[in-house]
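Shown next, in structure tokens, is the structure this report addresses.
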Amino acid sequence: MTVYDDLVGQRPVVAELQRAVAAAGTDDPTRSFTHAWLFTGPPGSGRSVAAGAFAAALQCPENGCGTCNACRTVRAGSHMDVTTVSPSGLSIPVDQAREIVRRVSSMPTSGKWQIVVIEDADRLTEAAANALLKAIEEPSPRGVFLLCAPSPDDVPITIVSRCRSVALRAPSAADVAAVLMRRDGVDEAMATFAAQAAQGHVGRARRLATDETARIARAAVLDVPMVVMRGIPDAMAAAAALVGAAGDVADTVSSARDAAETAAYRDAYGENATGKGAPRGSAGLLKDLEKRQKARATRTTRDTLDGALLDLAAFYRDVLLVQVGAGVVSVHGDHETAAARLAAATAPESTLRRIEAILAAREALGLNVAPQLALEAMALALHAG
Ligand SMILES: [Zn+2]
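Position 42 of the sequence shown, counting from 1, maps to 101 under the numbering used here, and the rest follow consecutively.
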């Protein structure tokens, strides 16, 4: 076992990170360690998983064994010298950036490095980016910045130019299926189906393969193209159902993850970590943890909804491929009959308009439009064609 076990289909990246960790541990002044890293890759490729694994490997006495206390607490989000920053709203404001700088400049308490992981560096405001810039240019000797973003273009060039870039790729369906079988004990048929349906998104593939709720939610999503054809009231009901189902899946995901984190926290700091005699700063840590969990739950709902829209867009793409006669493997192989039926009954132009309506809804969600509103507008457009 190593800290990199959760990274799927990223062998070159793992090798690069392992070399960097080994070099960082030699204390050889000729091998200067890079204090700022930028992890990029499409959604679901594992940007924050890679950053988290790297953080654990840097703190681990064995360079990333995956089992020691350092590795486990970093993974659980309770390591004193690894801070994960994710935006609670749509952006990371300047005062949060200043807090990051203050944190990364302080000496590590128990670990080797003081590490800050910024999960959505593309959401730094301009002022926040400027506040980070100086600390990245002249890092403290033990400070490490790990930034994550979809692509280098999403981060101010001034920051990108001072970071070492690590580019993850979308793992192939075969890679995803293999990890589902090896790690999660999923049988081959289910693993192949989930990997294909999740379009390279490891987390979604795992949920599809292991969680009945996620499969039911997906089936409901892929019913939407038929339901909206029945009339406007049905289209409106479909929109409401999509929002509700995303909330259900997010609840399942959050509660399991939060419980594991809180348990790991108790392991590290004792049952009464917030009471008398608790280690200094642990009450603040617990508060941080709760705040992070809440922000993450909101994001999980939106991410789940976004995943549903990607499923829906892929279905209409499958329809379009039938309509234009392209012999390409469909994403939703188990819904080929429905796709063929819709392809015969509608024109390619309306399929394109429907795909555009879905992309518009995704964009609206990204701009923090109320999910119900965004999806109702989309459902109407799907009905009208
Ligand atoms: Zn370890």
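Even for Gly, the Cβ is constructed at its ideal location relative to N, Cα and C. The structure presented is a predicted model; accordingly, all values stated were derived computationally and were not measured.
Going by DSSP, Arg241 is part of the alpha helix (DSSP H) stretching over Ala232 to Asp243. Between Val302 and Ala294, the CB-CB gap reaches or exceeds 8 Å. If one requires a minimum length of 4 residues, the alpha helix (DSSP H) runs lying completely within the segment 207-290 are 216-219, 232-243, 247-256, 261-269 and 271-286, in chain order. Taking a C-beta distance under 8 Å as the contact criterion, Glu435 and Ala135 do not qualify as a contact pair. The residue among Asp282, Phe252, Arg265 and Asp347 with its C-alpha nearest the C-alpha of Ser389 is Phe252. For Gly306, the secondary structure class from DSSP, reduced to helix, strand or coil, is helix. With the rule of 3 Cβ pairs closer than 8 Å, the segment 166-183 counts as touching the segment 210-222. Rounded to the nearest angstrom, the gap between the Cα atoms of Arg228 and Cys207 is 13 Å. The beta carbon of Thr321 sits no closer than 7 Å to any heavy atom of ligand 1. Counting every other CB atom within 10 Å of its CB across the protein chains shown gives Ala315 a total below 16, marking it as exposed. With a cutoff of 7 Å, Ala81 does not count as near ligand 1, since its C-beta is closer than that to no heavy atom of the ligand. As computed with DSSP, Val141 is found in a beta bridge with Ile174.
The C-beta distance from Val163 to Gly202 rounds to 4 Å, short enough to fall under 8 Å. In this structure, Cys222 has its beta carbon at no less than 7 Å from each heavy atom of ligand 1. Not one heavy atom of ligand 1 sits closer than 7 Å to the Cβ of Ala112. Inclusion of Val160 and Ile151 in the CB contact set at 8 Å is not warranted, their separation being larger than that value. For Leu426, there is no enclosing beta strand (DSSP E), as DSSP gives it neither H nor E. In the DSSP assignment, Leu66 falls outside any alpha helix (DSSP H), carrying neither H nor E.
Counting only the Cα atoms, Ala297 lies some 10 Å from Leu439. Ala95 has Phe204 as its beta-bridge partners, per DSSP. The bridge partners DSSP lists for Leu183 are Ile151. Leaving aside the five residues that flank Leu281 on each side, the residues in its chain whose CB is nearer than 8 Å to its CB run, in chain order, Asp370, Leu371, Phe374, His391, His394 and Ala397.
Within a 10 Å sphere around the beta-carbon of Leu426 sit fewer than 16 other beta-carbons, which makes this residue exposed. For Leu368, same chain residues with a beta-carbon under 7 Å away, outside a window of 5 residues either side, are Ile417, Ala420 and Arg421 in chain order. Relative to the non-hydrogen atoms of ligand 1, the Cβ of Thr132 never comes closer than 7 Å to any of them. Contact annotation: the segment 105-123 touches the segment 68-77, with at least three C-beta pairs closer than 8 Å.
Put simply, of Thr357, Ala404 and Pro292 the residue whose alpha carbon is nearest the alpha carbon of Gly306 is Thr357. With 16 or more neighbouring CB atoms inside 10 Å of its own CB, Asp362 falls in the buried class. For Ala397, the enclosing alpha helix (DSSP H) starts and ends at Glu395 to Ala404. Burial check for Val80: the Cβ neighbour count within 10 Å reaches 16 or more, so the residue is buried.
A residue is called buried once 16 or more other Cβ atoms fall within 10 Å of its Cβ, and Met166, having fewer, is exposed. Residues of the same chain with a CB within less than 8 Å of the CB of Ser231, apart from the 5 flanking positions on each side, are Gly68 and Gly259 in chain order. When C-alpha distances from Pro120 are compared across Trp172, Leu239 and Pro292, the shortest belongs to Trp172. In this structure, Gly170 has its beta carbon at no less than 7 Å from each heavy atom of ligand 1.
One thing to note: Val308 has its Cβ within 8 Å of the Cβ of Thr272.
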